[in-house]
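The structure appears right after this line, and notes come after that.
Quick look at the structure:
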């Protein structure tokens with residue numbers, strides 16, 4: 000199993016926030032030492048163990064979304080090619096946040112390319128959302144206030160680019176409030192593992208172990224993308 004560290008992917012980008020940092024790589028803050036619950040939650044993320052096909056590293060954390068933030072980027076790798084990539088951000092506001100109904104929030108972006116026929120399936124958005132909720136449920140995680148979008152886009156090439164095949168991409172943006180445990184610290188390692196399950200499923204990998212998959216696996220994928 001690979002630890003939650005390794006090569007950076009090409010970046011999730013587009014998380015509606017500049018990737019400004021403070022307080023060290025992957026971590027943003029409002030100044031001063033981070034509170035103990037946030038430090039414990041970050042340490043759990045850093046110590047998480049993931050399946051070897053998923054490479055993870057700290058990324059620049061957003062500075063304006065919350066007083067404290069920590070970000071990870073990941074890619075599902077097959078040899079020298081990426082099958083899917085994403086970004087996971089842990090936010091913390093010690094004073095609490097009305098919209099979160101808690102002091103922590105997880106925000107994610109996951110994306111992968113699909114076969115055009117799969118992208119045209121009218122049920123695809125609902126299925127992709129079920130991949131996220133199913134991954135959390137399979138890990139026995141409790142969470143609140145989930146929200147998100149599933150976007151599919153198609154590109155068609157013309158003129159000097161007409162030799163390129165049409166391409167379709169799926170993008171899942173989501174956020175949820177993890178349940179806080181002892182000391183006000185959520186089980187961020189388990190949430191990271193569930194997020195990694197989502198990445199693997201979007202990439203078309205088989206479950207890591209029998210019974211891990213709680214929803215239908217993607218039946219077709221576009222060929223791996225070169226780095």
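In this note's numbering, the protein residues as written are 0 to 226.
Ideal Cβ placement from N, Cα and C applies to all residues, glycine included.
### Rounded distance between the beta-carbons of residue 187 and residue 89, thought under 8 Å
6 Å
### CB-CB length for residue 94 against residue 196, believed under 8 Å
Their Cβ separation, rounded to whole angstroms, is 32 Å, which puts residue 94 and residue 196 out of contact at 8 Å.
### Message
Going by DSSP in three states, residue 58 sits in which element: helix, strand or coil?
### Response
strand
### Query
Does the count of Cβ pairs from the stretch 49 to 56 and the stretch 73 to 91 closer than 8 Å reach three?
The answer is yes - the stretch 73 to 91 touches the stretch 49 to 56, with three or more Cβ pairs under 8 Å.
### Message
Which residue wins for smallest C-alpha separation from residue 172, given the options 130, 122, 42, 60?
### Response
The residue with the shortest Cα to Cα distance from residue 172 is 130.
### Message
Do residue 198 and residue 44 count as a contact pair if the criterion is CB distance below 8 Å?
### Response
no
### Task
Return yes when at least one heavy atom of the ligand ADP lies under 7 Å from the C-beta of residue 154, else no.
The ligand ADP is absent from the structure shown, which contains no ligands of any kind.
### Message
Give me, in chain order, the residues of the same chain whose beta-carbon lies closer than 7 Å to that of residue 154; leave out the 5 immediate sequence neighbours on both sides.
### Response
165, 166
### Query
In this structure, does DSSP put residue 170 in helix, strand or coil?
strand
### Message
For residue 107, list the residues DSSP reports as bridge partners.
### Response
87, 173
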